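Student: Protein chains in written order, with the numbering used here: chain A, 194 to 436; chain B, 194 to 436. A virtual CB, placed ideally from N, CA and C, is assigned to each residue, including glycine. Since this is a predicted model, take the numbers as computed values, not measurements.
Protein chains: 2
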Amino acid sequence: MRTLHELKEPEKTLSADPSARRGIPDATVARLPEYLRALTGFAERGITSVSSEELAAAAGVRSAKLRKDLSHLGSYGVRGVGYEVDHLAYQISRELGLTQDWPVAIVGMGNLGHALAAYSGFATRGFRVVALLDQDTVLHEQEIAGLPVQPMEALPSLVTDQGLAIGVIATPAASAQSVCDQLVAAGVRSILNFAPCVLVVPEGVDVRKVDLSTELQILAFHEQRKSLAAQGALDAVAEAVSR
Amino acid sequence: MRTLHELKEPEKTLSADPSARRGIPDATVARLPEYLRALTGFAERGITSVSSEELAAAAGVRSAKLRKDLSHLGSYGVRGVGYEVDHLAYQISRELGLTQDWPVAIVGMGNLGHALAAYSGFATRGFRVVALLDQDTVLHEQEIAGLPVQPMEALPSLVTDQGLAIGVIATPAASAQSVCDQLVAAGVRSILNFAPCVLVVPEGVDVRKVDLSTELQILAFHEQRKSLAAQGALDAVAEAVSR
DNA sequence: GTGACTTTGTGCATCGGTTCACAAAGGCGT
DNA sequence: ACGCCTTTGTGAACCGATGCACAAAGTCAC
Ligand SMILES: NC(=O)c1ccc[n+]([C@@H]2O[C@H](COP(=O)([O-])OP(=O)(O)OC[C@H]3O[C@@H](n4cnc5c(N)ncnc54)[C@H](O)[C@@H]3O)[C@@H](O)[C@H]2O)c1
Ligand SMILES: NC(=O)c1ccc[n+]([C@@H]2O[C@H](COP(=O)([O-])OP(=O)(O)OC[C@H]3O[C@@H](n4cnc5c(N)ncnc54)[C@H](O)[C@@H]3O)[C@@H](O)[C@H]2O)c1
């Protein structure tokens, strides 16, 4: 993999795009979707041009950060004016790989899997749910949101025939590693994991997780800190009064 | 708020814990839940002691990082041996504020809200769903997972009577800011947002978001990069052959 | 009791990301 | 046509997080 990548490097200089394109920082990539969403909002309201200040406010970041982020994908702004909404949205879409549709499969049709299957948010931006999978044979009779529920054995053909690229794991944590292994074996290299556990995957496979309970626990940490601070303040006041 | 906090500082020296406790880095806090989960796993398998190496592997980090993280909460390991599983789990729980149960309300009983209400993952670790809320009067007849669906007007009393501390937003993005404002007005200071939008809140209120489509888009970015690299490699090979 | 061995806790170097502040760039009004 | 004014793009300083490497600490075998 490493050598293959290096093979390509010499071509970089004659690639079409002018700016130093390799190596967009991870932190920047993580914010691009938010910028894109904000731009979509502006476009829907008929706004054709925004300044970095306005866009940053809509995305919840500082304008300097926004500008530095955008500078990594090229120079698409006009000094003294700002950015053309449609054009910038297109450039970000292209950078994120959303100009094509990515076929997605959801594995695990329980409570969460049902909600995900019914979710329209996939289709709106670059993703297409091509299959629903579950181990449970009882479910194979059903259709959910217009798609049949298939057995796990369908995976390899989904990759070869439908170009399946992204797998979403919505099974219990105990099954998640096994499901992950099956996805990887079938050739899926991008996985979104909703199960609360760490997945171990070979190099070249990306895993991201969406973890409700981690987020709640982080909130609890700060909430406790706020409570303690308030309590401490009360104590201090009480002490001051009693003195 | 700042001044209240400073009022408390002098007490720190006579607080029970020996180490410099203030200011655990955000990056560390974000990993504590993962460590806790790994420890729970060890405990379930009857393992009473782990080294930083073992625990780090289970949590998917490097051992040096784990040790530095743990050093921020105190010195709970034994050199030459490792960490006592139960004790460390308790210390992390206490640090995260999970030794008490936090009352949680879910707002928006659509597809996702239903799944969340039925989800057992809340109760297992420090959280208790005390209320389900929705604007839609049709839903107020129903019970979901043993809880009645209440109108938004119930919010203030939930905070005062039940100690509601954390709000989960599972409404469409268009309603999320309004729901957020109502939560804040009622006194909720910690919010978990599932809607794909940025929420603006006053200082002192924490918002975290769980964002499916952002994660998918980040995966797409890397997937595209992998595809391009593969394509580039093929081109390079073809070129080499033709020469 | 002692010494060898294991593993922690941490100082230090390094890295990546954020913030600041401003010179360069371009539109726009006159 | 020209100069003013706005806003971008970015160099440089700063800040927090990560990784390295080892001395200190404590266990355990004998
Ligand atoms: N329900 C929620 O709101 C929620 C929220 C956050 C996280 N999660 C996590 O998402 C996951 C799913 O939650 P859920 O509530 O939908 O669970 P669930 O028990 O309702 O559904 C799990 C589904 O996975 C299927 N399954 C189990 N093992 C499988 C395997 N090896 N291969 C294929 N399919 C398999 C089961 O047949 C079942 O249909 C869990 O890990 C949970 O912790 C759920
Ligand atoms: N369904 C999924 O799998 C999924 C996944 C990721 C993110 N999301 C996001 O979660 C949110 C909910 O998704 P969903 O599929 O459950 O939507 P949904 O339309 O099924 O449900 C939304 C619910 O919110 C209620 N609601 C609307 N406005 C309200 C208000 N002002 N106050 C109180 N309640 C209000 C509605 O009555 C409805 O019951 C959306 O923002 C969606 O983008 C959903």
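State yes or no: is the C-beta of Ala298 of chain B within less than 7 Å of the C-beta of Ala338 of chain B?
Tutor: Result no, Cβ atoms of Ala298 of chain B and Ala338 of chain B do not sit closer than 7 Å.
Student: So, does the CB of Leu248 of chain A fall closer than 7 Å to a CB anywhere in chain B?
Tutor: Output row for Leu248 of chain A: interface = no.
Student: Check whether the segment 257-267 of chain A touches the segment 280-298 of chain A, taking contact to mean three or more Cβ pairs, one atom from each stretch, closer than 8 Å.
Tutor: Yes, they touch.
Student: Is the beta carbon of Pro296 of chain B sitting closer than 7 Å to the one on Gln370 of chain B?
Tutor: Not closer than 7 Å, so no.
Student: By the DSSP assignment, the beta strand (DSSP E) with Arg224 of chain B in it spans what residues?
Tutor: Premise fails: Arg224 of chain B lies in the alpha helix (DSSP H), 219-237, not in any beta strand (DSSP E).
Student: Beta carbon of Ala416 of chain A, beta carbon of Ala358 of chain B: below 7 Å?
Tutor: A quick correction: the sequence has Glu, not Ala, at residue 416 of chain A. Closer than 7 Å, so yes.
Student: Would you check if the distance between the CB atom of Ser242 of chain A and the CB atom of Gly275 of chain A is smaller than 7 Å?
Tutor: Contact: yes.
Student: Quick check: is the beta carbon of Glu334 of chain B nearer than 7 Å to any beta carbon in chain A?
Tutor: Taking Cβ atoms only, chain A never reaches closer than 7 Å to Glu334 of chain B, which makes this a no.
Student: So which residues on chain B does His415 of chain A lean against when the C-beta distance must stay under 7 Å?
Tutor: The answer, in chain order, is Ser383, Asp399.
Student: Are Ile362 of chain B and Val372 of chain B close, meaning C-beta to C-beta below 7 Å?
Tutor: A contact, by the Cβ cut-off of 7 Å.
Student: Straight-line CA distance for Ala388 of chain B to Glu227 of chain A?
Tutor: Using only the alpha carbons, I get a separation of about 12 Å.
Student: Using a cut-off of 8 Å between C-beta atoms, extract the partners of Glu227 of chain A located in chain B.
Tutor: The answer, in chain order, is Val391, Thr407.
Student: Can you name the residues of chain A whose CB is closer than 9 Å to the CB of Val342 of chain B?
Tutor: Result: empty, since nearest Cβ-Cβ is about 17 Å, beyond 9 Å.
Student: Exposed or buried, which one is Gly273 of chain A when buried takes at least 16 other CB atoms within 10 Å?
Tutor: Looking at its Cβ environment, which holds fewer than 16 other Cβ atoms inside 10 Å, Gly273 of chain A is exposed.
Student: Among all the DSSP beta bridges, which residues are the ones paired with Ile299 of chain A?
Tutor: Answer by DSSP bridge pairing, in chain order: A:Leu325, A:Val361.
Student: Determine the burial state of Arg424 of chain A: buried for a count of at least 16 other Cβ atoms within 10 Å of its Cβ, exposed for fewer.
Tutor: Per the sequence shown, the amino acid found at residue 424 of chain A is Gln instead of Arg. It is exposed - the Cβ of Gln424 of chain A has fewer than 16 other Cβ atoms within 10 Å.
Student: Could you check the C-alpha separation between Leu427 of chain B and Glu396 of chain A for me, to the nearest Å?
Tutor: Each residue's alpha carbon lies about 20 Å from the other.
Student: Compute every distance between the C-beta of Met302 of chain B and the non-hydrogen atoms of ligand 1, then say whether any falls below 6 Å.
Tutor: Not under cutoff, so the answer is no.
Student: From the beta carbon of Asn386 of chain B, is the nearest beta carbon of chain A less than 7 Å away?
Tutor: No, no contact with chain A.
Student: From the beta carbon of Ile411 of chain B, is the nearest beta carbon of chain A less than 7 Å away?
Tutor: Taking Cβ atoms only, chain A reaches closer than 7 Å to Ile411 of chain B, which makes this a yes.
Student: Just checking: is the beta-carbon of Leu266 of chain B within a distance shorter than 7 Å of some beta-carbon in chain A?
Tutor: For Leu266 of chain B, the answer is no, since every Cβ of chain A falls outside 7 Å of its Cβ.
Student: Excluding the five sequence neighbours on either side, which residues of its own chain have a C-beta within less than 6 Å of the C-beta of Glu247 of chain A, listed in chain order?
Tutor: Cβ within range, chain order: n/a, list empty.
Student: Quick one: which chain B residues come within Cβ less than 7 Å of Val222 of chain A?
Tutor: Going along chain B in sequence order, the residues near Val222 of chain A (Cβ under 7 Å) are Ile411, Phe414.
Student: What did DSSP end up calling Tyr283 of chain B once you bin it into helix, strand or coil?
Tutor: Residue state, collapsed to three classes: helix.
Student: Quick one: what's Val434 of chain B bridged to in DSSP?
Tutor: Answer is none; Val434 of chain B lacks a bridge partner.
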